[in-house]
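A.B. asks: In our numbering, the protein residues as written are 210 to 402. Using N, Cα and C, we set each Cβ at its ideal position, and we do this for glycine too. Owing to the predicted nature of the structure, the values given are computational and were not obtained by experimental measurement.
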């Protein structure tokens, strides 16, 4: 059911000319998480030069970062869980799982790069925010898969690995060692920026 709503919402967003100013739609995210994402979105273009992939424009990455925020907000309206860590994973990973078969390769690459950069900037702005645990987990998994490396012109991201990392993290949510994974990851700092 959530997958259908993600796909439906994505189609609506992609049909709009300008999504960036539509902040009123973000009413289901926890307040601090929403503030962190919006603040990070506003300064995202300042960090664009850190990525090696220059085939995308700053505006394009910013648009896809906002699309991610809107889809994440949608899942926050649908998913309920007492455990904040599970809640954040359940409102992040399904986005990548749902869209991987409907987006074109360039769109998937742009979404992955936008999410990667949004995650890094958000974690830089608010590294202790519990709501960003899914970003820490997915980035950690991406790193362990060899999906992040340094190129001549900046950070290289294997975007297909981000989709795999997201799916892997969702698969760990009910594993008996999930709490250990959270403890191991929650204080990690990503200093790529």
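1. Three-state secondary structure (DSSP) at residue 270?
2. May I have a chain-ordered list of the beta strand (DSSP E) segments no shorter than 3 residues that lie completely inside the region 305 to 367?
3. Candidates 354, 267, 337 and 383: which alpha carbon is nearest residue 395's?
4. Could you give the DSSP three-state label for residue 260: helix, strand or coil?
5. Contact between the region 319 to 327 and the region 244 to 263 is defined here as three or more beta-carbon pairs at a separation below 8 Å; is this criterion met?
6. Nearest CA to the CA of residue 257: which residue from 341, 214 and 365?
7. Do the region 350 to 360 and the region 310 to 319 make contact, defined as three or more Cβ pairs closer than 8 Å?
8. What number of angstroms, rounded off, separates the C-alpha of residue 376 from the C-alpha of residue 305?
9. Round the Cβ separation of residue 301 and residue 331 to the nearest angstrom and send it over; I've been treating them as touching at under 8 Å.
10. Can you list, in chain order, the residues of its chain with a C-beta nearer than 8 Å to that of residue 299? Leave out the 5 residues immediately preceding and following it.
11. Restricting to Cα atoms, I'd like to know which of 242, 222 and 295 is closest to residue 334.
12. Alpha carbon to alpha carbon, what distance is there between residue 224 and residue 355?
13. Alpha carbon to alpha carbon, how far is residue 401 from residue 278? Give it in angstroms, no decimals.
14. Using a Cβ-Cβ cut-off of 6 Å (strictly less than) and excluding sequence neighbours within five positions of residue 320, which residues of its own chain qualify?
15. Just to confirm the assignment, what range does the alpha helix (DSSP H) spanning residue 246 have?
16. Output the boundary residues of the alpha helix (DSSP H) element that contains residue 225.
17. Kindly give me the distance between the Cβ atoms of residue 351 and residue 370, rounded to whole angstroms, as I take these residues to be in contact under 8 Å.
18. With a 10 Å radius around its C-beta and 16 neighbouring C-beta atoms as the bar for buried, classify residue 345 as buried or exposed.
19. Which residue comes first and which comes last in the alpha helix (DSSP H) that contains residue 392?
C.D. replies: For this structure:
1. Residue 270 falls in the helix class under three-state DSSP.
2. Complete beta strand (DSSP E) runs here, min 3: 357 to 359 and 364 to 366.
3. Comparing Cα positions, the closest option is 337.
4. Of the three classes helix, strand and coil, the one that applies to residue 260 here is strand, per DSSP.
5. Contact holds: three or more Cβ-Cβ distances are below 8 Å.
6. If we check each option's Cα against that of residue 257, 365 comes out closest.
7. The region 350 to 360, when compared against the region 310 to 319, does not touch it at the 8 Å Cβ threshold.
8. Their backbone Cα atoms lie some 8 Å apart in a straight line.
9. Taking the Cβ atoms as the reference, residue 301 lies roughly 12 Å from residue 331, outside the contact range of under 8 Å.
10. Its chain contains 284, 288, 290, 379 and 382 as the residues whose beta carbon lies nearer than 8 Å to that of residue 299, once the 5 sequence neighbours on both sides are disregarded; these appear in chain order.
11. Minimum Cα-Cα distance from residue 334 among the listed residues 242, 222 and 295 corresponds to 242.
12. Distance between the alpha carbons of residue 355 and residue 224: 35 Å.
13. Roughly 22 Å between the two C-alpha positions.
14. Setting aside the 5 residues that flank it on each side, residue 320 is surrounded in the same chain by 273, each with a C-beta closer than 6 Å to its C-beta; the list follows chain order.
15. Start and end: 240 to 252.
16. No alpha helix (DSSP H) contains residue 225, which DSSP labels as neither H nor E.
17. That belief holds up - the Cβ atoms of residue 351 and residue 370 are roughly 6 Å apart, short of 8 Å.
18. Residue 345 should be labelled buried.
19. Boundaries of the alpha helix (DSSP H) around residue 392: 387 to 394.
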